[in-house]
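Colleague: Residue numbers (my numbering): 10 to 120. Please find one structure pasted underneath; my questions will follow.
The following block contains the structure:
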């Protein structure tokens with residue numbers, strides 16, 4: 010993880026790939042990968058970044074909760090929100106709806 014974060018921090022920008030996983034026990038997880046260009050290897054890297062229980066500190070898995078998790082985790086890892094250039098999901102209706110609503114506040118936070 011240390012090497013990954015070091016390389017991601019020196020990249021000009023990075024993207025996040027996020028998806029929610031829900032099981033029958035009412036557990037809802039946000040799984041997030043990071044993607045960036047590694048200038049040392051001249052390759053795009055995609056690495057697992059974190060998994061977070063969406064309902065740990067909230068009763069709803071809404072856009073606000075997801076944005077708060079992403080901002081908190083980026084801060085925890087020392088990744089600058091201003092370098093976030095893309096936010097992608099798998100396109101599922103429930104995720105697309107949430108992230109469409111989440112993109113605005115998240116990107117507004119980065120300016």
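Every residue gets a Cβ at the ideal spot worked out from N, C-alpha and C, and that includes glycine.
Among the residues of its own chain, which have a CB less than 8 Å from the CB of residue 63, if the five just before and after it don't count?
Modeller: 29, 37, 38, 39, 70, 74, 75 and 78
Colleague: For the beta strand (DSSP E) that contains residue 93, what are its first and last residues?
Modeller: 93–97
Colleague: Within a Cβ cutoff of 7 Å, which residues of the same chain sit near residue 17, ignoring the five residues on either side of it in sequence?
Modeller: 23, 43, 45 and 88
Colleague: Going by DSSP, what residue range makes up the beta strand (DSSP E) through residue 58?
Modeller: Annotation for residue 58: the continuous beta strand (DSSP E) segment containing it runs 52–62.
Colleague: Taking only the alpha-carbon atoms, compute the straight-line gap between residue 68 and residue 31 and give it to the nearest angstrom.
Modeller: 14 Å
Colleague: So residue 80 packs on residue 90, CB below 8 Å; how close in whole Å?
Modeller: 7 Å
Colleague: Let me check one thing: in DSSP terms, what residues is residue 71 bridge-paired to?
Modeller: Paired residues: none, contrary to the question.
Colleague: Please check the pair residue 82 and residue 59, which I expect to be a contact at CB under 8 Å, by giving their CB distance rounded to whole angstroms.
Modeller: 5 Å
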